[in-house]
Amino acid sequence: MDVSKTLLPNAPPVSVNPYWRKTLINAVYRANINYTDFEANSRNQNFMTDVIGPLLAALTPGGAVYVNEADFQQRDWKEVFYGANYERLDEIKRRWDPEDRFYALGAVGSDRWVQRSDGRLCRV
39 MDVSKTLLPN APPVSVNPYW RKTLINAVYR ANINYTDFEA NSRNQNFMTD
89 VIGPLLAALT PGGAVYVNEA DFQQRDWKEV FYGANYERLD EIKRRWDPED
139 RFYALGAVGS DRWVQRSDGR LCRV
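Per the working numbering, the very first residue in the sequence shown carries number 39; after that it's consecutive.
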């Protein structure tokens with residue numbers, strides 16, 4: 039983190055959301071895991087997704103979310119994870135992985151797959 043917000047004169051383009059170049063503070067929030075009550079975990083996660091996340095997003099319009107620390111239920115994941123870079127990254131993915139063999143939830147191209155209740159991935 040560069041608290042002076044000084045832009046590097048020759049900073050190379052990167053694949054992360056361009057908003058990170060303007061970020062002053064990265065806030066991380068979480069819910070505790072209950073190892074004996076799955077329903078409580080689900081309620082806590084939904085509270086983070088439906089209440090806390092939108093409140094923080096309202097404080098930082100156009101902000102970014104770090105994909106490795108993100109809510110797996112993030113609704114606008116393309117925008118907040120990748121920003122203006124998503125289309126270019128998707129073109130690269132289609133070029134080098136035309137059969138979509140590499141998958142991760144929230145990764146570029148993951149919207150072309152859906153996870154079934156048995157855990158299997160199916161093309162959309």
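The C-beta atom is built at its ideal place from N, Cα and C for all residues, glycine as well. Bear in mind that the values here come from a model prediction, so they are computed numbers and not experimental data.
Residues of its chain near residue i, where Cβ-Cβ distance is below 6 Å and the 5 sequence neighbours each way are ignored
i       : result
Asp-40  : Model confidence at Asp-40 stands at a pLDDT of 49, short of 50, so the residue's coordinates are unreliable; what they give is reported in the following sentence. Cβ within range, chain order: n/a, list empty.
Val-146 : Leu-127, Asp-128, Lys-131
With 16 other Cβ atoms within 10 Å as the buried cut-off, status of residue i
i      : result
Asn-55 : buried
Gly-91 : buried
Helix, strand or coil at residue i [DSSP, three-state]
i       : result
Arg-161 : strand
Gln-153 : strand
Phe-85  : helix
Glu-137 : coil
Opening and closing residue of the alpha helix (DSSP H) in which residue i lies
i       : result
Glu-125 : 124-134
Gln-112 : Gln-112 -> no alpha helix (DSSP H), and no H or E assigned at all.
Pro-92  : 91-97
Rounded Cβ spacing between residue i and residue j (contact assumed at less than 8 Å)
i       : j       : result
Trp-134 : Ala-102 : Contact flag wrong, Cβ pair sits at about 24 Å.
Asn-64  : Asn-72  : That belief does not hold up - the Cβ atoms of Asn-64 and Asn-72 are roughly 26 Å apart, past 8 Å.
Val-66  : Glu-125 : Their Cβ separation, rounded to whole angstroms, is 28 Å, which puts Val-66 and Glu-125 out of contact at 8 Å.
Nonlocal neighbours in the same chain, by C-beta distance under 7 Å from residue i, ignoring five residues either side
i       : result
Val-105 : Phe-119, Gly-144
Ala-122 : Pro-56
Within-8 Å CB hit, residue i to chain C
i       : result
Phe-110 : Among the protein chains of the structure shown there is no chain C, as only one such chain exists.
Cβ-based neighbour list, residue i, same chain, cut-off 8 Å, excluding 5 preceding and 5 following
i       : result
Asp-149 : Lys-116, Val-162
Met-86  : Tyr-67, Arg-68, Ala-69, Asp-109
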